[in-house]
Amino acid sequence: MNRYPLWKNLLIGIVLMWGLIYTLPNFYGEVPAVQVSSGKATLKLDSAATMARVEESLKAAGLRHNGLFADLTSVRVRFSDTDTQLKAKDAIEKSFNPDAADPSYVVALNLLSASPQWLTSIHALPMYLGLDLRGGVHFLLQVDMKGAVTKRLDATTGDLRTLLRDKNVRHSGISREGQSVVVKFRDTETQARARNVITASTNDLQLVDGQDGADFKLTATLTPMAQKTIQEFAIKQNISTLHNRINELGVAEPVIQQQGLDRIVVQLPGVQDVAKAKDILGRTATLEIRMVDDTPGALEAALQGTIPPGSELYSERGGSPLLVKKQVVLTGERLTDAQPGFDGQNHEPAVHLTLDSAGARIFKDITRENINKRMAILLIEKGKGEVVTAPVIRSEIGGGRVQISGRMSSEEATDTALLLRAGSLAAPMEIIEERTIGPSLGAENINKGFHSTLWGFVAIACFMCMYYMLFGFVSVIALASNLLLLVALLSLLQATLTLPGIAAIALTLGMAIDSNVLINERIREELRNGSTPQAAIHAGYDRAFDTILDSNVTTLIAGVALLVFGSGPVRGFAVVHCLGILTSMFSAILVSRGLVNLIYGRKRKLEKLAIGQVWKPGV
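With the working numbering, letter number 600 in the sequence shown gets 600, and the count goes up by one each step, no holes.
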């Protein structure tokens, strides 16, 4: 009656062993490390070559490390103490960035798990700790919404100039004045015609007729809806770009979220190098399309120091020089998408670009006028540019669909598409608030949270053992297994643990023991009704199951609501709370029943259960 089949006992044992293995990394702590990642969007990190260079740099400096680790975006090297970490950072920085004014790599201080290699190889990693537990830096960024609108108006000025030229509408000048664009005309007929043309092409502009001396003018301003759309896009684009940049620092689970209408909160747990973080957050990068200056002898003259007026000297991928005209044909603002693919004719790797309507018109004109000439796509970062690719224009390209192909592999096509999609900040930002939380404060929070959970567990264990005796001891073991499985799940999912999460763990202990109390009281009730001990155990677990399921499901519904609608600390609490409910049901029902079966299941003539005082009516 009270025996589990072998497979069920094995399942419980395997689950508990899995929980132990994936919980272990959390006890090893963290050690100082140095991370090397690409500092430029056009520079792809070669993990093997970078690891060799790091090894050589440390060997030349006479520094020992405790392991080199590489992933897709960075190389990390672990050290035994912070003094060696700081010396290693300086040595690696000098080796990788000989020109401090133009660094090609980001060399940042970091923290790595001290887990053994065999745990790391099976992806048994410690759970992430939030800013309040690990320490780090908190930034509050102000997005310049006025700058975003101004940027759009500058683009609108060029669009209107192109539109009126295509429709053969003569004007006396187009200029941006403050938060509006002014178009001047010689007569009212042309003014009215221009109004009709602009109204038919866009719904984002409000037009007001006016007169400036002898000239007639149209004043175009953005509609409130268009301004709102621009501002929302600026926030979303900046958040997306910040995510890409923070990956260079190797920050585990950074918090990047909008606050209010024009602010972004950035929390970087575990970041030691605050100056490096500020530098990366403030980085600007823009995409530009220019024509290549193919004048005979111009490149040779530029290499000798005589750069023709109206041109600039850049480097292609691979280091070969390229002379490019200063005039910007198109910017990355006109690019809506970039995807890797293949040329439909020769099946070579290619990059497919999608432009907006204004960009499509400009690109059509440029390609029509420059067939068989080279067009350079540049990425400008920190005032310095690099040529991503420079294809030859074979024919006029219209429709807003552009293909870049020739002399590139599939991997290069993918990298180029990623670069072109990454873009830059949609609007300027400035740091208006900066707070640094030291690791000592985080350690204090962890210590207090650990002690609160520990002493809560001890108090529950003492009460259960005194009140329910052996069944109370079984309940305590089930409670410990619940805690073990919860930490293992958090580690496996790489969830971020914060102070509210620790509070949720403490709450889970109370909820988990409640299930065992229900089971024990059901067994007592069966004994009072005259059932045999074996029958009481069987009926107690079976009849308590429905009550446990109902209570946990209703609590889980509340937890899911917190997870869906909450944010920040509330969501951190909800994640641990929901996982704790699932693990508590497993431990309270299966683990405790398995232990009871092992203790009492093989006893045929069982006369008494060690479950505390069983009150009977009339006794």
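Positions of the beta carbon are idealized from the N, C-alpha and C atoms, including for glycine.
Asked	Found
Burial state of R394, where buried means 16 or more other Cβ atoms lie within 10 Å	exposed
Simplified DSSP state of R3, which is helix, strand or coil	coil
Residues that DSSP places opposite L621 in a beta bridge	The chain is shown only over 1 to 619; residue 621 falls outside these bounds and no answer can be derived.
Pairwise C-alpha distance: A338 and A390	16 angstroms
Beta-bridge partners of D209, as assigned by DSSP	L218
Nearest candidate by alpha-carbon position, reference H123, set L549, L499, L489 and V564	L489
Sub-8 angstroms separation of Y105 and S38 beta-carbons	yes
Under 8 angstroms between C-beta atoms of V34 and K94	no
Extent of the continuous beta strand (DSSP E) run through K364	Here K364 belongs to no beta strand (DSSP E); instead the alpha helix (DSSP H) covers S357 to E369.
Length of the line joining the Cα atoms of L281 and A91	24 angstroms
Endpoints, alpha helix (DSSP H) assigned at L109	Looking at the DSSP string, L109 is not in any alpha helix (DSSP H); the run it does join, the beta strand (DSSP E), is Y105 to S113.
Whole-angstrom C-beta distance between P25 and D81, which should lie under 8 angstroms	Between P25 and D81 the Cβ distance is about 21 angstroms, and since that is not below 8 angstroms, they are no contact.
A624 vs F573 beta-carbon contact at 8 angstroms	Residue 624 is absent from the model: the chain starts at 1 and stops at 619.
Within 8 angstroms, strictly: CB atoms of V143 and A558	no
Which of helix, strand or coil DSSP assigns to V255	strand
Selection from A588, N9, Q613 and E607 that minimises the alpha carbon distance to V517	A588
Beta-carbon gap between K373 and V292 smaller than 8 angstroms	yes
Of the residues L527, V570 and K603, the one placed nearest G612, counting alpha carbons only	L527
Run of the beta strand (DSSP E) containing M264, from where it starts to where it stops	It is Ile, not Met, that sits at residue 264 in the sequence shown. Start and end: R263 to P269.
Beta-carbon spacing of A413, A495 below 8 angstroms	no
Cβ-Cβ distance between L595 and V458 below 8 angstroms	no
Rounded C-alpha distance that separates A544 from T583	17 angstroms
Cα-Cα separation between L497 and T508, rounded to whole angstroms	14 angstroms
Beta-bridge pairing of G341 - partner residues as DSSP gives them	A350
Cβ-based burial, M17 [other Cβ within 10 Å; buried from 16]	exposed
Proximity below 8 angstroms, CB of P269 to CB of G449	no
Span of the alpha helix (DSSP H), counted from its first residue to its last, around L153	M145 to D166
K325 - partner residues in DSSP beta bridges	S311
Beta-carbon proximity of V265 to L140, cut-off 8 angstroms	yes
Candidates N520, L133 and N482, of which the one nearest Y467 by Cα	N520
G224 - DSSP class collapsed to helix/strand/coil	The residue you asked about is not Gly; residue 224 is Pro in the sequence shown. Helix, per DSSP.
Counted within 10 angstroms of its Cβ, other Cβ atoms place M225 as buried (16 or more) or exposed	exposed
Integer Cβ distance of A301 from S311, believed to fall under 8 angstroms	10 angstroms between Cβ atoms; not a contact.
For K44, the three-state DSSP class (helix, strand or coil)	coil
8 angstroms Cβ cutoff met for M469 and A610	yes
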